[in-house]
Amino acid sequence: MNNVMEALTWLFTADAWTGSGGLWVRAMEHLGYTLLALGISAAVALPLGLLIGHTGRGRGAAVLATGAARALPTLGLLTLVALFTGIGLTAPMAALVILAAPSVLAGAYAGIESVNPATVDAARAQGMNGWQVLTLVEIPLGLPLILSGLRLAALQVIATATLAAYVGAGGLGRPLFLGLQTYDYPTMLGASIVVILLAILVDAVFGLGQRVLRRLPGLAGPQRAPRAERRRTARRAVTTGH
């Protein structure tokens, strides 16, 4: 209990937040790592997931790949990459991208698969080609689940990005590892609290975005059209990759 009180006291001091190594700078670094890893994983996994969901091909291979990627130990992967790339941001970024990609991929193909097939058939009957069906029908209607995959990936990366300090990068892992080395448990706990608050903030932003999407005309209704089992399958794909 004393460590908790000392950590809270430390968090409310100006010295904890100011300076080149203050919590504000470290939090911005942490958020920057998260956005960079999420952007890279989305650039790779999002188009692939949309293609799988649209064509229905390669889903089995995607499930196996995402399951294997989820099983990889992040710290071990980070250490392995660091042996080849050295100290710096390359190793943690590679590990964070591999961590985020399965959720982004699963969210993309689950979102496309969640669209009511009757809606897709109606779009094709009106003369839309495959690209038009994907961009004008499937992506807009599947956007809430696609965003769910990005949301889950962002939370996973925020929680794991503290390991970047393990190989000499910055972020909120710096004060955490410093506290571990010096047995300064209030500092460790304070840095952990900031990580939790940052995750809550990012989750709230994604949650707000999803609520806005559900209220937009043309998005809320069709997403409720498929049967309950189809919705449960889509949600399960986002969280487990299956």
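In terms of our numbering, the sequence shown opens at residue 20 and continues consecutively.
Glycine included, every Cβ here is placed at the ideal spot set by N, Cα and C.
Can you tell me the Cβ-Cβ gap for residue i and residue j, rounded? I've got them flagged as a contact below 8 Å.
i, j, result
"LEU166", "LEU65", "With a Cβ gap of about 11 Å, LEU166 and LEU65 do not count as contacting."
"ALA119", "ALA56", "6 Å"
"HIS49", "LEU182", "Actually they are not in contact, since the Cβ atoms of HIS49 and LEU182 sit about 11 Å apart, beyond 8 Å."
"GLY107", "ALA180", "Actually they do not touch by this definition, with Cβ atoms about 14 Å apart."
"LEU169", "ALA88", "16 Å between Cβ atoms; not a contact."
Measure the alpha-carbon distance for residue i versus residue j and round it to whole angstroms.
i, j, result
"THR32", "ILE131", "48 Å"
"ALA35", "LEU94", "27 Å"
"MET17", "ASN135", "Here the chain covers residues 20 to 261 and nothing more, so residue 17 does not appear."
"ALA218", "ARG45", "14 Å"
"LEU97", "GLY79", "27 Å"
"ASN148", "LEU155", "10 Å"
"LEU160", "LEU99", "40 Å"
"PRO194", "MET207", "7 Å"
"TYR52", "VAL214", "13 Å"
"LEU235", "THR104", "46 Å"
"ALA172", "VAL224", "14 Å"
"LEU164", "MET47", "28 Å"
"GLY126", "LEU174", "14 Å"
"GLY240", "ALA144", "With a pLDDT of 42 at GLY240, under the threshold of 50, the modelled position of this residue cannot be trusted, and the question is left open."
"LEU162", "MET24", "43 Å"
"TYR202", "ALA110", "27 Å"
"LEU216", "GLY75", "39 Å"
"HIS73", "ALA178", "32 Å"
"ASP140", "ALA90", "38 Å"
"PRO92", "LEU199", "21 Å"
"VAL221", "ALA114", "20 Å"
"GLY226", "TYR128", "20 Å"
"TRP150", "THR138", "15 Å"
"ASN21", "VAL176", "30 Å"
"ALA332", "GLN229", "Outside the displayed span of the chain (20 to 261) sits residue 332, for which this structure offers no information."
"ALA26", "VAL186", "25 Å"
"LEU197", "ALA142", "58 Å"
"LEU54", "GLY77", "28 Å"
Can the beta-carbon of residue i be found less than 9 Å from the beta-carbon of residue j?
i, j, result
"VAL116", "VAL63", "yes"
"PRO205", "THR28", "yes"
"LEU69", "ALA81", "no"
"LEU30", "ILE212", "yes"
"ILE71", "LEU124", "yes"
"GLY86", "PRO121", "yes"
"GLY209", "LEU102", "no"
Along the chain, where does the alpha helix (DSSP H) that runs through residue i open and close?
i, result
"GLY68", "42 to 74"
"THR28", "21 to 30"
Tell me, please, whether the CB atom of residue i is closer than 9 Å to any CB atom in chain B?
i, result
"VAL116", "Among the protein chains of the structure shown there is no chain B, as only one such chain exists."
Item checked: Ranges of the alpha helix (DSSP H) found wholly within the region 80 to 155, counting only runs of at least 4 -> Counting whole runs of 4 or more residues, the region 80 to 155 contains the alpha helix (DSSP H) stretches 93 to 104, 109 to 132, 136 to 144, 149 to 152.
Check: Quick one: complete alpha helix (DSSP H) runs, 4+ long, within the region 140 to 226?
Finding: For the region 140 to 226, whole alpha helix (DSSP H) runs of length 4 or above, ordered along the chain, are 149 to 152, 158 to 179, 192 to 200.
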